[in-house]
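Below is one structure, written out as C-alpha cells, with a few remarks after it.
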C-alpha cells in the first residue's frame, strides 16, 4: 500500500509525476476544481462580508469520494495543483473537502514536470498560501457580483442569454472603439517618388527625401510634378555616405501573452488552441523508452526570468551545436514589468537537449510546431546579438536629395535560430548597396512617382488584442484565451478574415453598459482592479476591503439602472421576400452572430435563411444563378451559387466579375502571404500580387 497520496488536477499530469516518485506514492487527479460557487444563485452573502457559498461541483461527487477513500489510507496527503492562484485555490478546496490542515506542510509546487524538479519540490512542502487563495477568491467574487447582477438586467431589458463581465466588457469596448475609429477615418493623400540608379552595371533603389538638406513630404500630384521638373539631366552625385555597425538583440523567452501572439502570427493558432496544446506539453508526452515527460515549463506566466541551471544547459548546447561565438558571454537578466508575478520562470523547454527533430515521432503536428516555436525562442534568447552592417547614402541633383538605405548581416547571432514575427509581416531584409563614396556619380535608370492614401488603424486580430490587453494591464495570463472565447460565444463580436468586428448585439449591450456602468468599461479602473488583486496576493491589503470599495458604488449604479434603463425592443425589419415554406413575409432577426432571416409566422413556421450578399458574378457551373457570399457556422466566409441545393458550386476564394484573358474562365482572388493575387481556376493565368 502506498504511504503517500499526491493530488494533481489532470490524469496526464498524475501519470507523469507517479513515474518520478516511486512506489511509496500514489498520484490521483481531481479533474480541476472540486468546489465552486453555485450556478443557480449568486452564492455570495453581501451582508456577511461577501462570504462565498461553495458547493461540490455537479459530477465531482464520485471523484471526491474516491479521493477521500485514498486520503484515509495514506500517511500523508500532498496537494500538487498548478503553481498559480487558481492552483492554490484548488489545493485549498481539496484541503477543506478532505479535512487536511491548511497550515500543515501539505502543498507542493513545481514549475516543470521533470524528475529533478519533482523530487526537489517534495523536499520542500509548505502550507497553503492564503494570500494567493484570497486573490483568487476576490477575482471570482468580483466577477460573480458583476455578472450575476448585470446579466439578469440585460436579459430583462434586451434579450435572454446575455452576460457582462469585467475583462470581457473592456475587450468588447476596445473592439468597438477601433471599429468607430475606422468608420470615422478620413484618408489623406500623399505621394512617394521611387527611383532606380545605376553604378556601373549595379542597380540599386532610393527614395525621394527632400530638398536643400530638409525633409519634404509630398501631399499632391502638383508637388510631385514640381520636384520632377527640378531634376536636371540623369546624373546624381553622392553627397553623403554613412556606414554603421548595428546590433540587434534577441527577444526574451516566451510569456503566456507573447506565446499566444507569436503562435497566432507564425502558426495561425487561436489563443485557446495555443493554451490547450501548451497544457499537453507541460503535463507530459509519452516519449517511448524515456516514458512520459513534461516538455515545457508552466505555461501561465508573465515573467521572462530563466533559472541559472537552464541558462547553463542552453549555453552548453549552443556552444556544442553552433560554436562559442554564438554563446552569450554575459547574459543580462530580463527586466519584468512592475505588475509581473515573478513566481514562475518564462516558458521554456525542460531540457534544451530535447530539440524538435528528436521529438518528431512522439508529437502530433500541432504539438511539434508549438514546441519548436518555444524551443527556438528560448535558444535564441540565450544567444549573442546579431550584427548588421548598415549603409545610408544621399544622392543629389540640383538640390534634390534621394536617399538609399541598405544593410547586410555581418554576424547572424541569434538570427541563425529564430527571428520574432511581426503583425504587419515586415521582416529584416538583406538589402545591399554597391560600394559608393562621396563624390561618385550615378545615373538614373527609372523614376516612378506613386500616389498613396493613409490607411485606418487595423482591426484587432487575436494577437493584437492580447498584446493591447497586456499593455493596458487588463487581465492576467490565464484570462486572455477564455475572455476571447466568451465574447465570441455571447455573440458580441465575430471573427471576419481573422479580425474582430463587433456585432449589432455587441454594440447595443456596450451602449447600455457605457450609460449605466461606465467604470466596468473603464480601462484604468479595470487595470487598477488587477493591481488590487496583486496587492491581495502580496498580503498588502484585505480582500474584503477591495470587494467592498467596489460594491458600494456598484450597487448604486445597479439600482439606478433597474429604475431608469428602458427596455430595448429589437424590432423585426421586413426582408422584402416571402417565406418559401408558408408564404408569410420574412423578417430580419438578431442572433448570436448578427442578423439572419426568419419567417414572421414563428413559431408556427420555423423557416430561417442566412442573409446573403451578391458579388455581381454569374455562377460558372450552372450559368443561371448568382454567386453570393455566405458564412459557415464558425464565421468563415465562402462563396456559392444562390440556387443551392440545385447547384452545388462553392469556392473559398472570391470570384471576380471579369473573365480570364487566356481561356475565358472564372477568375478568383487568392489570398497569399505576399498579398492578394488574381488567378484563373481553369488555366495557369496569374497576375502580380497586390498588397
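In this note's numbering, the protein residues as written are 963 to 1653. In this text, a Cβ means the ideal position worked out from N, Cα and C, and glycines have one as well. Predicted model, so just to flag it, every value in this text is computed and none were measured.
Simplified DSSP state of residue i, which is helix, strand or coil
i: residue 1111; result: helix
i: residue 965; result: coil
i: residue 1233; result: helix
i: residue 1653; result: Residue confidence is low: residue 1653 scores 45 on pLDDT, short of 50, so the model does not pin down where it sits. Its coordinate-derived value is still stated next. Coil, per DSSP.
i: residue 1718; result: With the chain represented from 963 up to 1653, any question about residue 1718 goes unanswered, as that position is not in the structure.
i: residue 1418; result: coil
i: residue 1477; result: helix
i: residue 1654; result: Nothing can be reported for residue 1654, as the shown portion of the chain is limited to 963 through 1653.
i: residue 1570; result: strand
i: residue 1643; result: coil
i: residue 1712; result: The question about residue 1712 has no answer, for the chain in this structure spans 963 to 1653.
i: residue 1042; result: coil
i: residue 1491; result: helix
i: residue 1252; result: helix
i: residue 1264; result: coil
i: residue 1242; result: helix
i: residue 1103; result: helix
i: residue 1310; result: coil
i: residue 1413; result: strand
Straight-line Cα distance separating residue j from residue i
i: residue 1355; j: residue 1430; result: 37 angstroms
i: residue 1647; j: residue 1622; result: 7 angstroms
i: residue 1645; j: residue 1591; result: 24 angstroms
i: residue 1527; j: residue 1132; result: 21 angstroms
i: residue 1359; j: residue 1649; result: 36 angstroms
i: residue 1416; j: residue 1172; result: 20 angstroms
i: residue 1146; j: residue 1197; result: 45 angstroms
i: residue 1378; j: residue 1288; result: 9 angstroms
i: residue 1012; j: residue 1120; result: 29 angstroms
i: residue 1170; j: residue 1209; result: 27 angstroms
i: residue 1699; j: residue 1626; result: Nothing in the structure corresponds to residue 1699, since the chain is present only between 963 and 1653.
i: residue 1201; j: residue 1400; result: 5 angstroms
i: residue 1497; j: residue 1252; result: 43 angstroms
i: residue 1640; j: residue 1614; result: 14 angstroms
i: residue 1475; j: residue 1129; result: 13 angstroms
i: residue 1389; j: residue 1105; result: With a pLDDT of only 45 at residue 1389, under 50, the local geometry of the prediction cannot be trusted, and the value read off the model is given with reservation. Their Cα atoms are separated by approximately 41 angstroms.
i: residue 1509; j: residue 1244; result: 34 angstroms
i: residue 1469; j: residue 1135; result: 9 angstroms
i: residue 1514; j: residue 1492; result: 18 angstroms
i: residue 1002; j: residue 1448; result: 19 angstroms
i: residue 1189; j: residue 1151; result: 17 angstroms
i: residue 1414; j: residue 1433; result: 31 angstroms
i: residue 1398; j: residue 1203; result: 7 angstroms
i: residue 1114; j: residue 1516; result: 15 angstroms
i: residue 1143; j: residue 1444; result: 26 angstroms
Contact set for residue i: own chain, Cβ-Cβ below 7 angstroms, skip 5 residues either direction
i: residue 986; result: 964, 965, 966
i: residue 1395; result: 1166, 1353, 1355, 1366, 1368
i: residue 1014; result: 999, 1005, 1006, 1099, 1103
i: residue 1091; result: 1050
i: residue 1220; result: none
i: residue 1149; result: 1415, 1416
Enclosing alpha helix (DSSP H) for residue i [first to last residue]
i: residue 1512; result: 1505 to 1526
i: residue 1600; result: Note, residue 1600: premise wrong, no alpha helix (DSSP H); beta strand (DSSP E) at 1599 to 1603.
i: residue 1153; result: Note, residue 1153: premise wrong, no alpha helix (DSSP H); beta strand (DSSP E) at 1151 to 1161.
i: residue 1271; result: 1270 to 1283
i: residue 1448; result: 1442 to 1451
i: residue 1192; result: 1183 to 1192
Residue interval of the beta strand (DSSP E) (run including residue i)
i: residue 1589; result: 1588 to 1593
i: residue 1031; result: Looking at the DSSP string, residue 1031 is not in any beta strand (DSSP E); the run it does join, the alpha helix (DSSP H), is 1023 to 1035.
i: residue 973; result: Looking at the DSSP string, residue 973 is not in any beta strand (DSSP E); the run it does join, the alpha helix (DSSP H), is 973 to 983.
i: residue 1539; result: 1535 to 1540
i: residue 1121; result: That residue, residue 1121, is in no beta strand (DSSP E); it is neither H nor E in DSSP.
i: residue 1628; result: 1628 to 1634
i: residue 1432; result: Element bounds for residue 1432: not the beta strand (DSSP E) but the alpha helix (DSSP H), 1424 to 1434.
i: residue 1363; result: 1362 to 1373
Close Cβ partners of residue i (< 8 angstroms) along its chain, the five nearest in sequence each way excluded
i: residue 1080; result: 979, 982, 983, 1072
i: residue 1118; result: 1529
6 angstroms CB neighbourhood of residue i in its chain, flanking five on each side removed
i: residue 929; result: Nothing about residue 929 can be read from this structure; the chain reaches only from 963 to 1653.
C-beta neighbour in chain B for residue i, strict 7 angstroms
i: residue 1578; result: Included in the structure is just one protein chain, with no chain B present.
request  = Could you tell me whether the segment 1156 to 1175 touches the segment 1443 to 1463, using the rule of 3 or more Cβ pairs below 8 angstroms?
outcome  = no
key: Cβ pair count under 8 angstroms reaching 3, the segment 1573 to 1580 against the segment 1540 to 1547   = no
query = Taking three-plus beta-carbon pairs below 8 angstroms as touching, is the segment 1337 to 1354 in contact with the segment 1274 to 1286?
reply = yes
inquiry  = Count Cβ pairs between the segment 1015 to 1031 and the segment 1228 to 1236 that sit closer than 8 angstroms; are there 3 or more?
reply    = By the Cβ test, the segment 1015 to 1031 is not in contact with the segment 1228 to 1236, since fewer than three Cβ pairs between them sit closer than 8 angstroms.
query = Is the number of C-beta pairs between the segment 1139 to 1157 and the segment 1401 to 1410 that are closer than 8 angstroms three or more?
reply = Contact between the segment 1139 to 1157 and the segment 1401 to 1410 is present, because at least three Cβ pairs lie under 8 angstroms.
ask   = Does the segment 1083 to 1102 come within contact of the segment 1247 to 1266, defined as at least 3 CB pairs closer than 8 angstroms?
value = no
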